[in-house]
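Below you'll find the structure, written out as structure tokens, and then a few comments.
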Amino acid sequence: MPELPEVETVRRGLAPLVTGRRVVDAGGHPSPKFRAAVDAVGATVVGVDRRGKYLVLPLDDGRRLIIHLGMTGQLRVGPPPGAADPYDRAWCHLCDGARLALRDVRRFGRVAVIGSDASALPTLAAIGPEPFDPAFTPEVLWANLRRRSVRVKTNLLSQRPVAGVGNIYADEALFRARVHPLRPANRLTRTQCAALRDAIVESLMAGL
Numbered sequence: 002m003p004e005l006p007e008v009e010t011v012r013r014g015l016a017p018l019v020t021g022r023r024v025v026d027a028g029g030h031p032s033p034k035f036r037a038a039v040d041a042v043g044a045t046v047v048g049v050d051r052r053g054k055y056l057v058l059p060l061d062d063g064r065r066l067i068i069h070l071g072m073t074g075q076l077r078v079g080p081p082p083g084a085a086d087p088y089d090r091a092w093c094h095l096c097d098g099a100r101l102a103l104r105d106v107r108r109f110g111r112v113a114v115i116g117s118d119a120s121a122l123p124t125l126a127a128i129g130p131e132p133f134d135p136a137f138t139p140e141v142l143w144a145n146l147r148r149r150s151v152r153v154k155t156n157l158l159s160q161r162p163v164a165g166v167g168n169i170y171a172d173e174a175l176f177r178a179r180v181h182p183l184r185p186a187n188r189l190t191r192t193q194c195a196a197l198r199d200a201i202v203e204s205l206m207a208g209l
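Heads up: the sequence shown begins at 2 in our numbering, then just goes up one per residue.
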């Protein structure tokens with residue numbers, strides 16, 4: 002499952018390929034998770050951002066094209082293929098002739114077009130602070146973890162205490178911080194949360 006470092010790497014590679022390009026045509030798998038790609042037709046991509054594990058492509062009409070890679074999702078930008086790929090779940094044809102396609106074998110990915118209100122996509126609206134944001138302090142992590150009594154690793158995987166941490170980096174950060182993954186989240190001390198906050202940032206930076 003791609004986590005923050007992998008999604009950030011995709012973002013950096015994708016940005017110069019699609020920024021400033023207008024979507025002239027689009028299509029998607031009939032599943033509700035992919036057919037929203039057609040809603041981007043006529044809009045121009047003005048950048049590529051990231052929120053947690055989500056890729057966020059702002060459009061020139063104020064909306065945003067949201068892409069989640071799921072477990073097996075890959076983004077490809079290039080000329081239209083000579084033969085259809087059965088695993089292409091959503092695609093956009095750009096004004097320069099290139100085609101942006103989400104190839105997703107397992108179909109755990111997601112495409113959506115939303116306005117400025119993230120509540121239209123509840124899983125995006127609910128995620129916590131970005132780990133590289135200065136506002137993500139030990140005190141913030143401590144306060145966020147105290148809201149639930151579930152195991153600390155389970156809490157991290159929910160994306161609510163901090164965005165972008167999945168299974169691999171949760172394990173790495175907890176190991177670095179010397180915090181047992183089965184410990185109840187609301188039982189961590191401020192000292193442990195300070196160590197865990199630093200370990201999360203360090204683990205994600207190492208992944209990048």
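Glycine included, C-beta positions come from ideal geometry on N, C-alpha and C.
Computed from a prediction, not measured in an experiment: that's the story for all the values here.
| Query | Result |
| --- | --- |
| Within 7 Å, strictly: CB atoms of Ile68 and Val19 | no |
| Sub-7 Å separation of Val49 and Leu60 beta-carbons | no |
| Rounded C-alpha distance that separates Arg77 from Glu203 | 30 Å |
| Whether Met72 touches Phe109 by CB criterion (7 Å) | yes |
| Residues of its chain near Thr10, where Cβ-Cβ distance is below 8 Å and the 5 sequence neighbours each way are ignored | Leu209 |
| Alpha helix (DSSP H) segments (min. 4 residues) lying fully within the segment 97-167 | 123-126, 139-146 and 153-158 |
| At least three beta-carbon pairs within less than 8 Å, the segment 92-106 to the segment 128-139 | no |
| Beta-carbon proximity list for Gln75, same chain, < 7 Å, skipping 5 on both sides | Arg104 |
| Paired residues, beta bridge with Ile67 - DSSP | Val57 and Ala113 |
| Residues near Arg22 by beta carbon distance below 6 Å, same chain, minus five either side | Val46, Leu95, Cys96 and Asp97 |
| Gly116, buried or exposed, once every other Cβ within 10 Å from all chains shown has been counted against 16 | exposed |
| Classification of Arg12 by the beta-carbon crowding that lies within 10 angstroms, buried from 16 upward | buried |
| Whole-Å CB distance - Pro139 paired with Cys194, under 8 Å assumed | 5 Å |
| C-beta contact flag for Leu101 and Arg152 at 7 Å | no |
| Beta carbon of Ala186 nearer than 7 Å to that of Arg149 | yes |
| Cα-Cα separation, Glu7 to Ser159 | 18 Å |
| Unbroken alpha helix (DSSP H) run spanning Arg52, endpoints | First-last for Arg52: Asp50 to Arg52, but that is the beta strand (DSSP E), not the alpha helix (DSSP H). |
| Alpha-carbon to alpha-carbon, Gly14 and Ala85 | 24 Å |
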